[in-house]
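Numbering (our numbering), first residue to last: 115 to 322. In this text, a Cβ means the ideal position worked out from N, Cα and C, and glycines have one as well.
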Amino acid sequence: AYKNPVQLNPGSVLLVGASNSGAEIAMDLARTHQVWLSGRHPGHIPVAYNGSFAMRAVLPFVFRIVFHRLLTVDMPMGRKAKPGHLSHGLPLIRVKPQDLDGAGVRRVARVAGARNGKPLLDDGQLLDVSNIIWCTGFRAGLDWIKLPIFDDSGRVKQYRGAIEGEPGLYVCGLHFQHSPSSTMIHGAARDAGYVADKIGERMRAAAG
């Protein structure tokens, strides 16, 4: 896993994945390397992250209202947004497109494959780079669970942490478990509270 520039070989760097991790690592490396950032632009929050107006108004509205209350699986707009959130990165928060351009980061198409040991882009461009860093997210390591709880895409079939068809089995910490805020402190706390309440209800019912 990437930790700092000391790990890299001399020469250029290709970052695969253009959401927040990829953009922030690109900014970090642009001071010492030629950097290519590959991937679909995920959009961005159009205010300065550290600006007083953003801190007081825009970001609380996005994180506390939009991501926490509006885009939930109980709301039509949340159910519509969920597949996109699960398959693509979240909008850029700290780093903006103009920051990347100003730092000399070259934004390019998605990686489609490889040819002669070099990354091949969707637009046919072949890159000659010395380093490749993958910033394409992660998948929950749940292969050890030998129960029919996964859908065709390998994701857990659950509602707010309660597993469909397996009473008494619960999960916490999944991306968009209930809303985009499920991977943020306030959203994870809400999800955990819901699961704890359900466990309590089950225990009380079992006790008679």
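Query	Result
Segment contact, 8 Å Cβ cut-off, at least three pairs: the segment 204-217 with the segment 153-164	yes
Closest by C-alpha distance to D311, when choosing among V225, Y284, V176 and A144	Y284
Cα-Cα separation, Q212 to M141	11 Å
P262 beta carbon less than 8 Å from that of F181	no
Distance CB(R221)-CB(A144) smaller than 8 Å	no
Buried/exposed call for D305, threshold 16 Cβ in 10 Å	buried
Unbroken stretches of the alpha helix (DSSP H), 4 residues or longer, contained in the segment 229-315	none
Terminal residues of the alpha helix (DSSP H) in which R193 lies	P190 to S201
First and last residue of the uninterrupted alpha helix (DSSP H) at L326	The first residue shown for the chain is 115 and the last is 322, placing residue 326 beyond what the model contains.
Own chain residues within Cβ distance below 6 Å of L122, not counting five before or after	N245
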